[in-house]
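*Asks:*
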Amino acid sequence: MSVLKNITISVEGLPETEVWVALMKTAVAFNSLNPFYDGLYYKDKIAIKDIHRNQLSLQLSGGRNVLLKFGSPGTMEEFCKNINYMAPCPSPVSSPSPSPPKSTPFLSPPSSSS
1 MSVLKNITIS VEGLPETEVW VALMKTAVAF NSLNPFYDGL YYKDKIAIKD IHRNQLSLQL
61 SGGRNVLLKF GSPGTMEEFC KNINYMAPCP SPVSSPSPSP PKSTPFLSPP SSSS
């Protein structure tokens, strides 16, 4: 089991609060100072609805929608990998990939002289 820190959770209409996330073999537990946000959810009942920078929008079992905000680099990626999310989960500090040059010179094949 590993514990992720520096994460906040928000539920529609309620204030954001800090949570600790315990990653277990088959489940994920949220724990905070406010018991309303606490919960144990099986990994196969957690759906990632949206990924935006350092935020994950999740649908938990029972239809509960939450937004997790990750404050430290790599924490979001570790969470995604642990719940077996197949697509790459961007790191909150990842830099944009460089764009290719606008024009690429073409190399002409060597001419054969006979």
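3 is the number that the UniProt record's numbering gives to position 3 of the sequence shown; each next residue is one higher, with no gaps. Beta carbons are placed, not taken as given, at the ideal position from N, Cα and C, and that holds for glycine.
Given a cut-off of 9 Å, decide if Leu4 and Ala22 are closer than it, judged by their beta-carbon atoms.
*Replies:* As a first step, residue 22 is located in the sequence shown; it is residue number 22 there, counting from the start. As a first step, residue 4 is located in the sequence shown; it is residue number 4 there, counting from the start. Yes; because the gap between Cβ atoms is below 9 Å, this pair is in contact.
*Asks:* Would you kindly report the start and end of the unbroken beta strand (DSSP E) that includes Phe36?
*Replies:* The count along the sequence shown starts at 1 and reaches residue 36 at position 36. For Phe36, no beta strand (DSSP E) run applies, since DSSP gives it neither H nor E.
*Asks:* Is Ser10 helix, strand or coil by DSSP?
*Replies:* In the sequence shown, counting from the first residue as 1, residue 10 sits at position 10. Strand, per DSSP.
*Asks:* Does the beta carbon of Pro35 come closer than 9 Å to any beta carbon on chain B?
*Replies:* Looking for chain B here will not work: only one protein chain is present.
*Asks:* Could you give the DSSP three-state label for Lys49: helix, strand or coil?
*Replies:* Within the sequence shown, residue 49 is the residue found at index 49, counting from 1. Three-state DSSP puts Lys49 in a strand.
*Asks:* Among Asn6, Pro15, Tyr85, Phe79, which one has its Cα closest to the Cα of Tyr37?
*Replies:* For this step, residue 37 is matched to residue 37 along the sequence shown. Per the Cα distances, Pro15.
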